[in-house]
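Enquirer: Just so you know, we're using the numbering used here here: the sequence shown kicks off at 38 and counts up by one. Quick one: this structure, given as structure tokens, is what I'll be asking you about.
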Amino acid sequence: MNIGVVNLRVRLFGVRSLKEKRGILRRLMNDLRKKYNISISEVGAHDSKNFFEIGIAMVNTDKAFIEKVFDAIIDYLELYPGMEVEEAEREVW
38 MNIGVVNLRV
48 RLFGVRSLKE
58 KRGILRRLMN
68 DLRKKYNISI
78 SEVGAHDSKN
88 FFEIGIAMVN
98 TDKAFIEKVF
108 DAIIDYLELY
118 PGMEVEEAER
128 EVW
């Protein structure tokens, strides 16, 4: 059994308030949970309207599959309007 964890720091563009950021983040996290069957949580930058930090975890028997899913998630975020992935730290054991 393999466990993968990725921490992402994402910049938001055009967000005017924390309430707007939280709405965007809530929708995004629900979309990612449904699409990729992952565990996800906001882990930092709680008081910033321009950034968010999320942690994602996944368990699978195949390390390559976990890496593939993490790549797909990062690509998905890069294509999401008004966002840019600034930092991605990942580990798979």
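The beta-carbon is built from N, C-alpha and C at its ideal position, and this holds for glycine as well. Here the structure is a predicted model, which means the values were calculated and not measured.
What did DSSP end up calling F136 once you bin it into helix, strand or coil?
Expert: With the chain covering only 38 through 130, there is no way to say anything about residue 136.
Enquirer: Taking V122 and E115 to be in contact with their CB atoms under 8 Å, please state how far apart those CB atoms are, rounded to whole angstroms.
Expert: That belief holds up - the Cβ atoms of V122 and E115 are roughly 6 Å apart, short of 8 Å.
Enquirer: Please classify F89 as buried or exposed, where buried requires at least 16 other C-beta atoms within 10 Å of its C-beta.
Expert: It counts as buried.
Enquirer: Buried or exposed for F50, please, with buried defined as at least 16 other CB atoms from any protein chain shown within 10 angstroms of its CB.
Expert: When all chains shown are included, F50 counts as exposed.
Enquirer: Please look up how many angstroms separate the CB atoms of G92 and V80, rounded, as I've assumed it's under 8 Å.
Expert: Indeed they touch by this definition, with Cβ atoms about 4 Å apart.
Enquirer: Can you tell me whether G60 is helix, strand or coil according to DSSP?
Expert: In this structure, G60 counts as helix in the three-state DSSP scheme.
Enquirer: Just to confirm, are L65 and Y117 a CB contact at a threshold of 9 Å?
Expert: Yes, the pair counts as a contact, with Cβ atoms nearer than the cut-off.
Enquirer: Closest to S54 by C-alpha separation, out of I77, N44 and D84, would be which residue?
Expert: Comparing Cα-Cα distances from S54 to each of I77, N44 and D84, the minimum goes to D84.
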